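Each number in this note's numbering comes from the position in the sequence shown (counting from 1) with 341 added on.
Structure, as structure tokens:
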Amino acid sequence: MNKLLTGLIFLFVMQLATANQHLDSLISISQNNRSSYSERQQALKSLINEYKKSNIDSALYFVDKALKSAQEKNDLIGISTAYLSKGIVYGNFSKNNEAVDSYSEALNYANKSDDDKQITKVLINLGVAYNDIGNAEEALKKLTTCYEIASQHNNNEDALKALNSIGNTYIKQADYSKAQVAFFHALEINKTLNNDLYETVITNNIGNIYYYLFNYDKAIEYYYKSLKVAEKLNDEYFIVSAYTNIGVIYKDLGEYDKAIENTYRSVQFYLKNDDKYNATLSYNTLGLIYMNQNKLDSALICFNQSINLKKEIADSSGFALVYNNIGDLFIRKNNFKLAEDNLTNALELATKYDDVYNKVNAYLSLGDIHNDHPAEALNYYLLASKEANLHNINSLSILAYDKLYKYYKKNGDYKNALVNYEKYTLLNDSLSGEDSKLKIEDIETRYEVDKKDTEILLLQKDKELKEIKFNEEKKTARVRVFLILLVSGIIILTFLIFFIKFRQKQKNKINVLEKRGLKVETEMLRSQMNPHFIFNSLMRLILDNSRQPFVTFDKEITTLELYLELEKLRFSNRFTSHIHINDIDDEFTMIPPMLAQPYIENAILHGFTGKTDGIIEINYVQTEGKIICTIDDNGIGRKKSGEIKNNTSQKSSLGIKVTEERIALLSEEFQLSLTVEIIDKTDEFGNATGTRVVIEMPYKD
């Protein structure tokens, strides 16, 4: 047991040490003046990402370093990106006003750069930040501008993101018809993008609209659509999000066991993943379920958990919802003083952040606790009815009509009582809960059937694939046996021929020839078989890669490794090499083939002349729109190599000239500024210490 514990501690320490080494390496690159500007900025970007959600001071420190570096280069997009990163950091720590200021600076420099992609990226973040501080008007201006620019430049992805944020802004204002238009438009754009992640987000948001409109059957239909795509992606976050929303509907329909099951699942998931924002919403929903069951103490515990988590993340705009619910709970406990305190807080926050839904709820509940002051009660009910009708919040309009009917009836105003009762009945009948429940059950059943059918189809396909694979393996095995027998026969025949020839020679030379044959055989196995194998493998890869303008990153790395192994054998291991890959998905990232090889070849052939301790370091780093390959050697330098080349009449490398032309063509094709930079490295006395080549190349996902 002690050994197991010691082993676990050792593994933890090793992982921690590895992580620290990685961070130390990034810091070293960011501070090294010999590193290129793009290398330093990429290192700083990685450091910002490392700390942006966990340590605001460290994150802002590295943001300021990136900003200063970009300002020294007068890199407008770099400056804009630094301010954008600063806004994201502030937003992660709920410093929304500071986020707005940073995004505004980012937009200023993005506009100066006249880069439409950078402009739309900043506008989306700025619009969302304005929505977070309750300035819906400015949020809609920025997001609409973003949509227009993105559409004008056929940037469908940013156009979709802008529409999604526009829809969420309208939801907060309870302007559900406009929100619906934005989301359905975004869904149409996604047909061209065919992005499953965007589909699950947008269908979930459409479900939210139908829920707020009291249309449960439509709401749950879209929640199940979102769930289906999320399960296809195997994305637990969105799966849980869909189940959470379905749980809310079960709560409203009185099916509390299902509601608790779905909601408790979401609480556990969000806490496990340290997602405090969504955990607050799930705790609030759980509290409402318990309150509907009249388990008021359990409900209060959940509401307080929600409040505590909101305080931790400084979610000021979200307090109104929970304070409203706590106020309603204290009304049920007949503690009207605490009820009024919480409802007043809810009303102030909902007004501040333009949260119409919670403003109406606060009006209704404040009216309930002023029964001893009829004029105040009536004023609150009328305000609630006015706001609910203005924003078409049917569920709250029904409640307002019901309370006005009961108020007028109690105070003998039967005319107004009848008017509000008719409005209540008309709206309530059009939104019959029983019909919705039946439709929901039908949708749920169809979803489960469709899910089972899909699973059966996948099992059938899996079985078919296994059979095909088994048959191919049998066929391959037969071919392999035949080849082994054929090669064995050739080898035996060859040895027989040699044996007969040796027997024909004079006896006094047999021992010498046998010894020489053994030596030749040993040398052949070492110096011929291995190079031949590597050479053949390399040639196959080069031929395969040469047919394609882009190859997967892992294929390119395999080609370089084989080439380096062959050159080491060729030059008797007079150099060593290392290839470093920094945060690049080597299976799903594609790059142009054989851009780095000519420069590596140049280093081996000319840089290591007269050296036996050569070192080649090859680094790949991914930046926005580019992959940067850096080739470092400790060779004799270009100057001395050039002198040797002139003396021996060696020709310049054709491969390097071709590569430079390819880089120029790729720059034009992808509209990127791609370069090849060759840097002579020297020590403090000006002596050559090697060469560094920095190649910028495009990539595809």
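The beta-carbon is built from N, C-alpha and C at its ideal position, and this holds for glycine as well.
Small disclaimer: the values here were computed from a predicted structure and weren't measured.
ask   = Given that a residue counts as buried once 16 or more other Cβ atoms are within 10 Å of its Cβ, and exposed if not, what is Thr817?
value = exposed
inquiry  = Checking the sheet assignment: what are the DSSP bridge partners for Thr964?
reply    = Lys967
ask   = Which stretch, first to last residue, makes up the alpha helix (DSSP H) that contains Phe299?
value = Given a span of 342 to 1042 for the chain in the structure shown, any question on residue 299 remains unanswerable.
task = Please list, in chain order, all residues of the same chain as His494 whose beta carbon is under 7 Å from its beta carbon, the five residues on each side excluded.
result = Asp457
task = Quickly, what does DSSP pair Arg1043 with across the bridge? List them, please.
result = Outside the modelled stretch of the chain, which goes from 342 to 1042, sits residue 1043, for which no answer is possible.
request  = Using the Cα positions of Leu995 and Ala944, report the straight-line distance between them to the nearest angstrom.
outcome  = 14 Å
Reduced DSSP category for Glu958 - H, G, I as helix; E, B as strand; rest coil = strand
query = Three or more C-beta pairs closer than 8 Å, one from the stretch 458-465 and one from the stretch 483-497: is that the case here?
reply = yes
key: N- and C-terminal bounds of the alpha helix (DSSP H) containing Ser376   = Run containing Ser376: none; DSSP gives neither H nor E here.
query = Looking at Tyr539 and Leu501, is the spacing between their C-beta atoms short of 8 Å?
reply = Their beta carbons are under 8 Å apart, which means Leu501 touches Tyr539 by this criterion.
ask   = Mind checking whether Ser658 and Asp709 have CB atoms under 8 Å apart?
value = no
ask   = DSSP beta-bridge partners for Ser918?
value = The secondary-structure analysis by DSSP pairs Ser918 across a beta bridge with Ile957.
ask   = Taking buried to mean at least 16 other C-beta atoms within 10 Å of its own C-beta, is Arg844 buried or exposed?
value = exposed
task = Assign Tyr471 to one of two classes, buried (16 or more other C-beta atoms within 10 Å of its C-beta) or exposed (fewer than that).
result = buried
inquiry  = With H, G and I counted as helix, E and B as strand and the rest as coil, what does DSSP make of Met880?
reply    = If DSSP states are grouped into helix, strand and coil, Met880 belongs with the helices.
request  = Would you mind reading off the limits of the alpha helix (DSSP H) that contains Thr685?
outcome  = Under the DSSP assignment, Thr685 falls in the alpha helix (DSSP H) whose first and last residues are Phe677 to Lys693.
key: Candidates His921, Thr533, Lys700 and Leu481: closest to Gly508 by CA position   = Leu481
task = Would you check if the stretch 601-615 and the stretch 553-568 touch, i.e. whether three or more CB-CB distances between them fall below 8 Å?
result = no
Spatial neighbours of Ser435 in its chain, beta-carbon cut-off 8 Å, leaving aside the 5 residues before and after = Excluding residues up to 5 positions away in sequence, Ile654, Ala655, Asp656 and Ser657 lie with their Cβ nearer than 8 Å to the Cβ of Ser435 in the same chain.
message = Assuming Ile898 and Ile920 are in contact, meaning their beta carbons sit under 8 Å apart, how far apart are those beta carbons, in whole angstroms?
response = 6 Å
ask   = Do you know offhand how far Leu732's Cα is from Ala451's?
value = Checking the sequence, you will find His at residue 732 rather than Leu. Their Cα atoms are separated by approximately 36 Å.
Residues near Ile667 by beta carbon distance below 6 Å, same chain, minus five either side = Phe644 and Asn683
Distance, Pro715 Cα to Val701 Cα = 18 Å
query = What's the C-alpha gap between Lys519 and Ile547?
reply = Put simply, the backbone Cα of Lys519 is about 12 Å away from that of Ile547.
ask   = Start and end of the alpha helix (DSSP H) containing Pro715?
value = Pro715 to Leu731 is the span of the alpha helix (DSSP H), which, as asked, contains Pro715.
task = Flag this pair as yes or no: are the beta carbons of Ile429 and Asn476 separated by less than 8 Å?
result = Contact flag unset, no.
request  = Compute the Euclidean distance between the alpha carbons of Pro934 and Val892, then round it to the nearest angstrom.
outcome  = Their Cα atoms are separated by approximately 6 Å.
ask   = Out of curiosity, what's the CA-to-CA distance linking His711 and Thr510?
value = 33 Å
ask   = If we count the other Cβ atoms within 10 Å of its Cβ and call it buried at 16 or more, is Gly1044 buried or exposed?
value = Past the edges of the chain, shown from 342 to 1042, lies residue 1044, and the structure says nothing about it.
query = Given a threshold of 16 other Cβ atoms within 10 Å of its Cβ, counted over all protein chains shown, does Tyr755 qualify as buried or as exposed?
reply = Tyr755 is classed as exposed because its beta carbon has fewer than 16 other beta carbons within 10 Å across all chains shown.
ask   = Rounded to a whole number of angstroms, what is the C-alpha to C-alpha distance between Phe1011 and Ile932?
value = 12 Å
Euclidean distance between Cα positions of Leu799 and Val570 = Caution is warranted here: a pLDDT of 49 is assigned to Leu799, below 50, making its placement in the model unreliable, and no coordinate value can be reported.
inquiry  = Ile977 and Lys998 - do their beta-carbons sit closer together than 8 Å?
reply    = No. Outside cutoff.
query = Which residue's Cα is closest to the Cα of Phe524: Thr544, Glu577 and Asn536?
reply = Comparing Cα positions, the closest option is Thr544.
request  = Could you pull out every residue in the same chain whose Cβ sits closer than 6 Å to the Cβ of Ser426, ignoring the five residues on either side in sequence?
outcome  = Ile389 and Val404
query = Going by C-alpha distance, which of Ile883, Asn761 and Glu1009 is nearest Lys744?
reply = Answer by Cα proximity: Asn761.
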